[in-house]
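S.K.:
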Amino acid sequence: MDNLSINNKSGAARWWSRVRTSNEFVLLLILAAILIVGAFVTPRMYSAGNFYSVMRTASYGGLAGLAEGMILMAGKFDMSIGSIISFCSIVAAETYIATQSDLLMVLVTIAVAAALGAFNGLVVVKFQLPNFLATLGTATIFKGLASLLSGDRAITTFTGSWVFNFLGKSSFADIIPASALFFLLVAVILGLLLRKTSFGKMLYSTGANPRAAWISGIDSTKIQFWVYIIGAIVVAPVGFMIGGQAVEVNVNVGTGYELTGTAIAVLGGVLFGGGKGSILGVVIGAFTFQILVNELLLTGLGTYVEQALKGILLVVIVIIYNYIDIRREQVAKA
Amino acid sequence: MENKTALRNIAHLFSQNYLIVGSVLLLLIGTFVHSGFLSSTNLASFLTFTSIYGLVAISQAILRLVDDINLAIGSEMAVCPIIGVTVADLIGDSLGMNIVSGSTRLVSGWLLICVISMVVSVVLNLLIGLIRVKTGINSFILTLGLMYFFDGLGTLLIPYDIQVRDKASDWLGVTNVGSSFIPNCFVVFLAMGLIIVFLMAKTTFGKRIYAIGNNEKAAIYSGINSDKWRLIAFAVSGVFLGVASLVMVSRLRAVATSNGNNMMFYAIVISILAGIGSNRGSLDKVMWGACCFYLFINIMKIGGLMSWYQNIVLGVIPIAALIIQKLSDRRFAAKYVR
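For the record, the sequence lines run as chains A and B. To convert, take the position in the first sequence, counting from 1, and add 1; that gives the working numbering. To convert, take the position in the second sequence, counting from 1, and add 526; that gives the working numbering.
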C-alpha cells in the first residue's frame, strides 16, 4: 500500500520527519536543555564522580520505570512496586544468610518476585478489581510481610554475596557502574520483547483498547497477568543494587519507587491509560529525570526538597505532555 | 412459611445495615478482648478517631462519587496546619505577637491558625480541582505527584514538629461535652455528617454529584455544568479535610509532618467498605464505615497484635471488600437484569 501513496520525500527526509515528531526526540531536546542550563547554573555537575552517581541512581529508578511503564502500556497500574522491592531485598538477604549461595539466592528472589506479581495479577486481572485500589492493598500486605520476615530490623550480614556486591558496588573501568549496565541490559531485553515478539504487539493492542483486542482474538487478561509478573521480576534487582551499595536492607529500601517509576515512565512518553510508549523513551526518561533532580539538588536546595521536586515534576510533566497531545490533535485536525 | 419470610426479612435487614451490625459486633468483641475497652478514656478516643477518620473518609468519598480520587489527602491533612502555623507565625512576627516560641512551641494564635488552615485546605483542593477540570488529566496521577510534593513541602516548612501549647486548641479534640465521655469533635463530626447527608439526599448539589458520577457526558447534555459542580465537590471535600486536620492537631497537640500518615489508605479503605464508587453508595454508610474501621484497628492494637500482622490484615480488608462487592453485584445482576 505504501507504494501507492505519493511520496516525494527521499528516504533520509522521511526518516528525519519521523524522528522529529517522535517522543524520544522531544525528550532528548529536554535533556540537552537541562545539560546546557546545568553548565551555567551548576558547573559542579560536570564531574566524573557526579555522573557516576547519577547513572547509578538513574538505574534504580530506571528499572522501576521499565516495570511501571510496561504495566502502564498494558493499561494497568501497580502501586506495590516499592513494597515488592523491599520484600524481595529482604528475601534475598535472608536466603543468602541461610544458604551462603548466590545462585540459590537469585533463584529464590526471582521466584518470590514472580509470585508477588502473580498475586497482583490475580487480584487485578482475574478478579477484575480496580487496579489502583487493589494494588494499594497488596502494597500494604507485601510491606507487612517484609516487616514480618525481617522483624522490622535492618539486615547487614550479607556482605559475602557476590550479586549484592557486583550490582551495588562494581563498575566498568570506574566510569560506568555495573547497575547502569544491568539496567541497559534489561532495557534491551524488554525492548526486544515489546518490539520483536507477538507478545509485545498483543501488549500494545491490549493497552490501547482491551475490549477490541479481546474481540480480535487476543487473550488480554492473560497478557495483563503476565505483565504484572514480568514487572515484579524487573524491579526485584533494585533491592540488590540499593542493598549492595548501602550494605543494609530494611523494609524501607523500596519506599517511593512506585512514584519514581511512574514519573520516569510518564516522562519517557508512556501514556497514562495504556497503548503508547517505548522502552527507549523510558531509558532516556530515566537519565533525564535523574539529571534534572541532581541539578536541582546541586543548586543547594537541600535533601528535603528531593521528594517535593519528584512530586511536582510528575505533575508538570503530565500537564505539559497533555498540552502537547492536545496541540498535536489540533494540528492534525487542521 | 411465615417463619421463613421473617428470617429472610431479618437477613435482608442485616445485609442492608452490615456496617451497623459490624460495629455492634466489634464493640462486643472488644469488650471481651480487653477489660479497659469500655473505659471512658478509650471510648472518648474511639469517638475522637471515628470523627477524624469519618471526616477524612467523607472528604475522599465525595470525590469518589464524581469518579475522582485524592491520593494527596493524607499529605494535605499534614500540610494544611503546617502552612497555617507558618503563615500565622509570619503574621505574628509583623504584628509583634509571639505565636511560635523557640520554633517548636506554639503558644498562641490557635483561632488564626484554624482560619488559615481551613482556607488553605479549601484553596488547595480547589486548585487540584481546577487543574483536573481545565486539563482533563486523570486526578489519580495528578494527586499522586502532589502527595509527594506536599510531603516534601511539609518537611521543608517545619523541620521539627511543633508542640501546641495554646489552651484554646484543646476544645476541638481533647475536651468532652460537659462531664460525659463524648468529645466535642464527635458532635462537630455528627453535625457536619448529617448536613452533608442531607445535602446529598435532598438538594440540587447531591443530585448533580450523582448525575456527574453516573455519566458525565449525559449530565453535560442535559444542561449540567459539570465543571462547576466538580469544583464545588472538590471545595466541599476540602472543608471536611480541613476540619479533620485541625481535630488531629488538637488531639495530638502537635503540628507534625506525620499527622496524615496512613490517612489516604484509611480513607480509601473506609469508602470501599461503605460501597462508594462513582454514582454509588451513600455518605451515612461512610460514617458507619469509619466507626467500624476504627473499632477494628483499636481491637487489633488493644489485643496486642504485632504491627506487621496489622499491616497484612489492613491490606487484605480492601481486597476482600472489593471481591465481596463484585460477587454481590454479580448476584444482583443475575437476579434482576435479564
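Cβ coordinates follow ideal geometry from the N, Cα and C atoms, glycine included. Since this is a predicted model, take the numbers as computed values, not measurements.
Taking 8 Å as the cut-off, does the stretch 46-62 of chain A touch the stretch 208-225 of chain A (at least 3 CB pairs, one atom from each stretch)?
M.R.: The stretch 208-225 of chain A, when compared against the stretch 46-62 of chain A, does not touch it at the 8 Å Cβ threshold.
S.K.: Just the Cα atoms here: how many angstroms apart are Asp-692/B and Leu-581/B?
M.R.: Distance between the alpha carbons of Asp-692/B and Leu-581/B is about 24 Å.
S.K.: Which chain B residues sit within Cβ distance under 8 Å of Asp-153/A?
M.R.: Correct list: Ser-833, Trp-834.
S.K.: Are the C-beta of Asn-253/A and some C-beta of chain B separated by less than 7 Å?
M.R.: No, because no Cβ of chain B sits closer than 7 Å to the Cβ of Asn-253/A.
S.K.: Any idea what DSSP makes of Asn-624/B, helix, strand or coil?
M.R.: If DSSP states are grouped into helix, strand and coil, Asn-624/B belongs with coil.
S.K.: Which residues does DSSP list as the beta-bridge partners of Gly-562/B?
M.R.: DSSP output for Gly-562/B lists no bridge partner at all.
S.K.: So for Gly-764/B, helix, strand or coil by DSSP?
M.R.: Residue state, collapsed to three classes: helix.
S.K.: Do Leu-117/A and Leu-233/A count as a contact pair if the criterion is CB distance below 7 Å?
M.R.: Just to set this straight, residue 233/A is Ala in the shown sequence, not Leu. Taking 7 Å as the Cβ cut-off, Ala-233/A and Leu-117/A qualify as a contacting pair.
S.K.: Are there 16 or more other CB atoms within 10 angstroms of the CB of Trp-697/B, so buried, or fewer, so exposed?
M.R.: By the neighbour-count rule (16 or more Cβ atoms within 10 Å), Trp-697/B is not buried but exposed.
S.K.: In the DSSP assignment, the alpha helix (DSSP H) including Val-343/A goes from what residue to what residue?
M.R.: Residue 343/A is absent from the structure shown; chain A starts at 2 and stops at 335.
S.K.: So, using beta-carbon positions, are Ser-577/B and Phe-724/B closer together than 7 Å?
M.R.: No.
S.K.: Can you tell which of Ile-37/A, Tyr-229/A, Ile-82/A, Met-106/A has the C-alpha that lies nearest to the C-alpha of Val-92/A?
M.R.: Checked all of Ile-37/A, Tyr-229/A, Ile-82/A, Met-106/A; the closest Cα to Val-92/A is Met-106/A.
S.K.: Are Asn-596/B and Gly-764/B close, meaning C-beta to C-beta below 7 Å?
M.R.: Contact flag unset, no.
S.K.: Tell me where the alpha helix (DSSP H) around Gln-129/A begins and ends.
M.R.: Taken as a continuous stretch (DSSP letters only), Gln-129/A belongs to no alpha helix (DSSP H), as it is neither H nor E.
S.K.: Tell me which residue opens and which closes the beta strand (DSSP E) that Val-164/A is part of.
M.R.: No beta strand (DSSP E) contains Val-164/A, which is instead part of the alpha helix (DSSP H) from 163-170.
S.K.: Taking its Cβ as the centre, do 16 or more other Cβ atoms sit within 10 Å of Pro-44/A, making it buried, or is it exposed?
M.R.: It counts as exposed.
S.K.: Suppose contacts are defined by Cβ-Cβ distances below 7 Å. Is Ala-759/B in contact with Ile-796/B by that definition?
M.R.: No, they are not a contact pair.
S.K.: Measure from the C-beta of Ile-802/B to each C-beta in chain A and report whether the shortest distance is under 7 Å.
M.R.: So, not an interface residue.
S.K.: Return the residues of the stretch 673-684 of chain B that lie within a Cβ-Cβ distance of less than 8 Å from chain A, sorted by chain order.
M.R.: Those would be Met-673, Tyr-674, Phe-675, Phe-676, Asp-677, Gly-678, Leu-679, Thr-681, Leu-682, in chain order.
S.K.: Pull out every residue of the stretch 652-672 of chain B whose Cβ sits closer than 8 Å to any Cβ of chain A, in chain order.
M.R.: Within the stretch 652-672 of chain B, the residues whose Cβ lies closer than 8 Å to some Cβ of chain A are Ile-657, Thr-661, Gly-662, Ile-663, Asn-664, Phe-666, Ile-667, Leu-668, Leu-670, Gly-671, Leu-672, listed in chain order.
S.K.: Under the assumption that Thr-141/A contacts Leu-840/B (Cβ atoms under 8 Å), give the Cβ distance between them as a whole number of angstroms.
M.R.: The Cβ separation is near 6 Å, so the contact holds.
S.K.: List the residues of chain B that Tyr-305/A touches, going by C-beta distances under 8 Å, in chain order.
M.R.: The answer, in chain order, is Gly-678, Thr-681, Leu-682, Pro-685.
S.K.: How is the alpha helix (DSSP H) around Ile-663/B delimited, first residue to last?
M.R.: Unbroken run through Ile-663/B: none, as it is neither H nor E.
S.K.: The beta strand (DSSP E) that contains Val-27/A, what's its start and end?
M.R.: No beta strand (DSSP E) holds Val-27/A; the alpha helix (DSSP H) holding it covers 24-42.
S.K.: Which residues does DSSP pair with Pro-178/A in a beta bridge?
M.R.: Ser-172/A, per the DSSP bridge assignment.
S.K.: Please report the residue range of the beta strand (DSSP E) in which Val-690/B lies.
M.R.: From DSSP, the beta strand (DSSP E) with Val-690/B extends over 688-690.
S.K.: With a 10 Å radius around its C-beta and 16 neighbouring C-beta atoms as the bar for buried, classify Val-703/B as buried or exposed.
M.R.: Looking at its Cβ environment, which holds fewer than 16 other Cβ atoms inside 10 Å, Val-703/B is exposed.
S.K.: Taking the alpha-carbon positions, what's the Ser-752/B to Lys-660/B distance?
M.R.: Using only the alpha carbons, I get a separation of about 12 Å.
S.K.: Cα separation between Leu-853/B and Ala-213/A?
M.R.: Approximately 25 Å, taken between the alpha carbons.
S.K.: Quick check on Pro-685/B: does DSSP put it in helix, strand or coil?
M.R.: In this structure, Pro-685/B counts as coil in the three-state DSSP scheme.
S.K.: Taking Pro-238/A as part of the alpha helix (DSSP H), name the residues at either end of that continuous run.
M.R.: Its alpha helix (DSSP H) spans residues 221-247.
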